[in-house]
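Position one of the sequence shown corresponds to residue 331 (the working numbering), numbered consecutively onward. A short worksheet on the structure shown next.
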Amino acid sequence: MTIPATDKRPERYKWVETTGEWNITHAKRKKDGELVPYYASAMAEKRGVSRAVLKLMNLYEHGVFGEDEDFYDNDEPATQGQINKIEALLRTSLFDSDHRERVEKEMIGYTSAQAGFCIEELENNQQDHTQKLNLSQTEIKNIKHE
């Protein structure tokens, strides 16, 4: 199931598309062991809408989940390897300085799951090679002709 959502704020126009899914492994068990019944199509739709809203608010990239996805009980702290990867990806990311500073402050308290989402978002927002090298247009043309 795909749930499209559109951000219609006057200063920008943003299209976000996301999906919600359901299967038996997503069901919670009560403390007494009883399985909490989820309805597949309703849960998929709810998750899709929840993810779309979080993406429009730029929260999903930081590992924020809707209450229906709170079954991810991964409270393990981010590994040093994850933190190192985030730091390396931040240096070449397309994020503006405010966004980079926010990630640098928040990553200290990231769980492993949040760090994973951050890494994925950073990998999707990287400069191309010419931006990383900070080349002029003339230098780029010369490289292409060599």
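Glycine is no exception: its CB is placed at the ideal position from the N, C-alpha and C atoms.
Ranked by Cα distance from GLN457, the first of LYS361, ARG421, ILE416 is ARG421. Assignment of GLN412 by DSSP, reduced to helix, strand and coil, places it in the helix class.
Using a C-beta cut-off of 8 Å, the region 435 to 454 makes contact with the region 405 to 420, since at least three inter-stretch Cβ pairs fall below that distance. By a beta-carbon distance limit of 8 Å, GLU391 contacts GLU451. Their separation comes to about 4 Å. The three-state secondary structure of GLN457, taken from DSSP, is coil. Exposed is the label assigned to ALA418, since fewer than 16 other Cβ atoms lie within 10 Å of its Cβ. Boundaries for ASP405: no alpha helix (DSSP H) harbours it, and the DSSP string shows neither H nor E there. Rounded to whole angstroms, the gap between the alpha carbons of GLU469 and HIS429 is 30 Å. An exposed status is given to LYS435, since fewer than 16 other beta-carbon atoms sit within 10 Å of its beta-carbon. Close CB contacts of CYS448 within its chain, under the 6 Å cut and outside five residues either way in sequence, are with ILE416 (chain order).
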